[in-house]
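J.: So the sequence shown is numbered by my numbering: it starts at 486 and just counts up by one. The beta-carbon is built from N, C-alpha and C at its ideal position, and this holds for glycine as well. In this text, all values refer to a predicted model and were calculated from it rather than measured experimentally. Dropping a structure here in structure tokens format, bear with me for questions.
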Amino acid sequence: MSSFGYCSSLGVASAKNRILMIGVSAFRGLVSLSKCVNAPAAACTFQSQRHAKSPRSVANTVAPILRAVATDAIKMRTTAPSMPATQTLGQDTYTAFASPESAWRTLTAFAVYRLIVVLVLAIIFWSLRATPVIGGVSLVLAGTGLGTYLVMSVVLLLATQLRRPSATIQLSAQVLVDVLMLTLVMHASGGTRSGIGMLLLVSLAAAALVSHGRLAFFHAAIASLAVLFEQFWQFLYGDAGAADFVRSGMLAAAYFVIAGLGYTLATYARGAAQIAEKRGVDLANLAQINQLVIRDMQDGFIVVDEAGIIRQHNPQSAEIVNALKASTVRTLDQVAPQLARLLAEWRRDRARVFSIQRDAASQRDYHIRFVAIGEAEVSPTVIFLEDASRIRAQAQQMKLVALGRLTASIAHEIRNPLSSINHAAELLEEGVKRASEDARLLTIIQENAHRLDRLVEEVLYLNRRDRAHPGSIEMSTFLARFLRQFCADEKCPEDAFLISIQSRLVAVFDRAHLDQVLWNLLRNAARFATMQPGSIRINVYSKGERINIDIEDDGPGVETSALPHLFEPFFTTDSKGTGLGLYIARELADVNGATLDYLADNAVGSLGAKFRLSMNGATA
């Protein structure tokens, strides 16, 4: 062998040894980089190996790239946003997702993507075998690699459906299969020049989003090692040159850049997911609270959209508007034409306040309040139906509480002088002559004293209305005894009362309270009736599980203007009345679970006034 040949062989061997040492140095740098992402930034150092001294060598090309990648990784490590607390999902802990379902869905999508990529590569391989794009170096190796890759992709997809083993193991297995199989196909196709190594970028990005942030850099290090190992293999046993290391180094750097970007995106996605989950929980809680408030609120509540379609309502509104009880979605003008008309008027003049009356029998009117949702002229609207009678009753109750305290304290002080006046009038009546003028004055004294005494008695009885002791009352016997006592005390002819009663009716009511309620009702009827035979009709009958008592007289009835105030305390149209009779009667009925209503179908011009007392009871 000539000296020139010997020197040439020595030069080639020396170059290969130098490149081999550069490869070892690069491998060490990658291993250090993969460890660096798990260690403090200050502990991460990269030093050039002594074998990479020549500025013209490949080491001076690869080493700066590796240093840049390491520097970027360290910066990401030190400047990345703080990681929120992770959520434990079974045996796996994911920081980019709020639930195990999201992690498994992502792994499934990752597996489907892999299967599609393998199928596309296989189609290209089999259709272009004559002029191979894939497998240019070795068709057998490329075909074997693609076949194995296809089988492994199907297995990985099935594993994601079975969810065995854990998601963390499956993720690492998927990335490892991608690295090994794509590196094998890349080697059979001519190395990094084939461009197949770019497919690993998608796998690394997906893995970074699914996995822990640090694991993303580990996957990037594995992929970089595989690419550089394949490049060294090509250099040692193939036709690769030193310049190919630049391409391999840039590809390895791209892997780490993608891992860093994926880590950053995963961090922000994790924070956004946690915020979204917290907001979702808050919104769910608020929605539940709103449903409870809407369901339990005393006022009616209806929501209609721009087209007038009813979107939501509470049970109270269905009690007011009976058509709302239907399950089908309907428009407001179908279920409540009056409300729809008022809504249209309100949209033209939003300063107006409306009120409606549900029915004449209950004498309940409702205040209508509209609240627009949004600033548009025609927008979704919330309709509030406020029971005006309930509001008035609450106001009256507050007034009566104060009044009760006052009257209870002075009732006895009033009663004592009244007793003295009555006694003195009786003595005066016995001692004076029976002159007509004196008799008239004595009558005035006695009537007014009796009126004041009755007022005191009713006020005191009002303060005892909550002391109810309901019991069973046989109505036929009770009414017979009651009417005899009433006619005797009120000096009314018994034939003025016409009683119609079903047999064996038993009501559940406090006996003293029922006595007081009927006394007040019949006293009012006797005051306005003609007191001719049968002028006051009492009808007692059962209706389901209720027992109704209808009391009707032939008097002039109640004027329409007085109907809204009929059951208000101290409201009276008779100068001799106290204004507490009907109020006390309704209060006593209420504490016994009964209702007392005025039936407005008996208005002026018909049979007179008609009241209905509806009690709990059953046929005995």
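(1) Using the Cα positions of D1082 and M1016, report the straight-line distance between them to the nearest angstrom.
(2) What are the start and end residues of the alpha helix (DSSP H) that includes V991?
(3) For H908, collect the residues of the same chain with a Cβ closer than 6 Å to its Cβ; drop the 5 residues on either side in sequence, then sort them by chain order.
(4) Out of L983, L990, F1052, V687, which one is the CA nearest neighbour of G747?
(5) So, is W611 buried or exposed, given that buried needs 16 or more other C-beta atoms within 10 angstroms?
(6) Return the CA-CA distance between H704 and A673, expressed in angstroms with no decimal places.
(7) Contact between the segment 658-676 and the segment 706-721: three or more CB pairs below 8 Å?
(8) Leaving out the 5 sequence neighbours to the left and right, which residues in its chain are closer than 7 Å to R535 when beta-carbon positions are compared?
(9) Helix, strand or coil: which one does DSSP assign to A857?
(10) Here's the rule I'm using: 16 or more other beta-carbon atoms within 10 Å means buried, otherwise exposed. How should N775 be labelled?
(11) Restricting to Cα atoms, I'd like to know which of G1066, T668, F1013, N1024 is closest to T629.
(12) So the candidates are G745, S957, D1038; which of them puts its Cα closest to the Cα of F1013?
(13) Quick one: what's E1037 bridged to in DSSP?
(14) Quick check on DSSP: helix, strand or coil for Q773?
(15) Any idea if A965 is buried or exposed, counting beta-carbon neighbours within 10 angstroms, 16 or more meaning buried?
(16) Using a Cβ-Cβ cutoff of less than 6 Å, which residues in the same chain neighbour M1100 once the five nearest sequence positions on both sides are dropped?
(17) Do you know how far the Cα of D790 is from the Cα of S864?
(18) Quick one: Cα of G680 to Cα of M735, how far?
(19) With DSSP collapsed to three states, give me the class of S957.
(20) What do you get for R599, buried or exposed, if any count of 16 or more other CB atoms within 10 angstroms of its CB means buried?
(21) Have a look at L771 and M782 and give me their C-alpha separation to the nearest angstrom.
(22) Would you kindly check if the distance between the Cβ of N799 and the Cβ of F786 is under 8 Å?
(23) Quick check on this structure: which residue in V602, F855, F1056 has the alpha carbon closest to the alpha carbon of F869?
(24) Which residues in the same chain have their Cβ closer than 8 Å to the Cβ of T591, if we skip the five residues on either side of it in sequence?
(25) Compute the Euclidean distance between the alpha carbons of F702 and F741, then round it to the nearest angstrom.
(26) Work out the CA separation of L777 and A565 for me, nearest whole Å.
(27) If I measure Cβ to Cβ from I984 and keep anything under 6 Å in the same chain, skipping five residues before and after, which residues do I get?
(28) Among the candidates Y634, R833, G682, I654, whose CA atom is the shortest distance from the CA of M666?
(29) Take H954 as the anchor and find which of P978, E942, R875, V1076 has the nearest alpha-carbon.
(30) Less than 8 Å between the CB atoms is what I'm expecting for A588 and A658, so what's the real figure, rounded?
(31) I'd like the list of long-range same chain contacts for I707, defined as Cβ closer than 6 Å, with 5 residues on each side in sequence excluded.
(32) Please report the Cβ distance between G1042 and A1094, rounded to the nearest whole angstrom; I am assuming they are in contact, meaning their Cβ atoms lie under 8 Å.
(33) Mind checking S957: buried by the 16 CB within 10 Å criterion, or exposed?
(34) By Cβ distance below 6 Å, which residues in the same chain neighbour T593 in space, the five residues on each side in sequence not counted?
(35) Tell me which same chain residues have a C-beta within less than 7 Å of the C-beta of Q1003, skipping the five on either side of it?
(36) Is the distance from the Cβ of V1025 to the Cβ of L1067 below 8 Å?
T.: Considering the structure as presented:
(1) Rounded to whole angstroms, D1082 to M1016 spans 23 Å at the Cα level.
(2) Where V991 is concerned, there is no enclosing alpha helix (DSSP H), although the beta strand (DSSP E) it sits in stretches over 990-994.
(3) In its chain, beyond the 5 residues on either side, no residue has a beta carbon closer than 6 Å to the beta carbon of H908.
(4) When L983, L990, F1052, V687 are compared, the shortest CA-CA separation from G747 is found for V687.
(5) Result: exposed.
(6) Cα to Cα, H704 sits roughly 23 Å from A673.
(7) Short answer: they touch.
(8) Its pLDDT being 36, under 50, R535 is placed unreliably in this model, and the value from its coordinates should be taken loosely. Contacts found: none.
(9) Here A857 sits in strand by DSSP.
(10) Here N775 is exposed, its C-beta having fewer than 16 other C-beta atoms within 10 Å.
(11) It is T668.
(12) Of the candidates G745, S957, D1038, the residue whose Cα lies closest to the Cα of F1013 is D1038.
(13) The partner list for E1037 (beta bridge, DSSP) reads R1022, K1095.
(14) Helix, per DSSP.
(15) Counting every other CB atom within 10 Å of its CB across the protein chains shown gives A965 a total below 16, marking it as exposed.
(16) Listed in chain order, the non-local C-beta contacts of M1100 below 6 Å within the same chain comprise A992, F994, I1032, A1079, local neighbours out to five positions each way being set aside.
(17) Distance between the alpha carbons of S864 and D790: 7 Å.
(18) For G680 and M735, the distance between alpha carbons rounds to 12 Å.
(19) Of the three classes helix, strand and coil, the one that applies to S957 here is strand, per DSSP.
(20) Residue burial is scored here from C-beta neighbours: R599 has at least 16 other C-beta atoms within 10 angstroms and is therefore classed as buried.
(21) Here the C-alpha atom of L771 lies approximately 16 Å from the C-alpha atom of M782.
(22) Yes, these two residues count as a Cβ contact at 8 Å.
(23) Nearest of V602, F855, F1056 to F869, Cα basis: F855.
(24) Excluding positions up to five away in sequence, the list reads F582, A691, L694, V695.
(25) When rounded, the distance between both Cα atoms is 7 Å.
(26) Because the pLDDT at A565 is just 40, under 50, the model does not fix this residue reliably, and the value given afterwards should be weighed accordingly. One C-alpha to the other measures close to 44 Å.
(27) Result list for I984: I1023, in chain order.
(28) Comparing alpha-carbon positions, the option among Y634, R833, G682, I654 lying closest to M666 turns out to be Y634.
(29) Of the candidates P978, E942, R875, V1076, the one whose C-alpha sits nearest the C-alpha of H954 is V1076.
(30) Actually they are not in contact, since the Cβ atoms of A588 and A658 sit about 15 Å apart, beyond 8 Å.
(31) Closer than 6 Å at Cβ, skipping near neighbours: V664.
(32) Indeed, because the Cβ distance is near 5 Å, the residues count as touching under 8 Å.
(33) Counting other Cβ atoms within 10 Å of its Cβ, S957 stays below 16 and is therefore classed as exposed.
(34) Beyond the five residues adjoining it in sequence on each side, T593 comes within less than 6 Å, by CB distance, of T645 in the same chain, given in chain order.
(35) Reading off the sequence shown, one finds Leu at residue 1003, where the question assumed Gln. Contacts found: F967.
(36) Their beta carbons are not under 8 Å apart, which means V1025 does not touch L1067 by this criterion.
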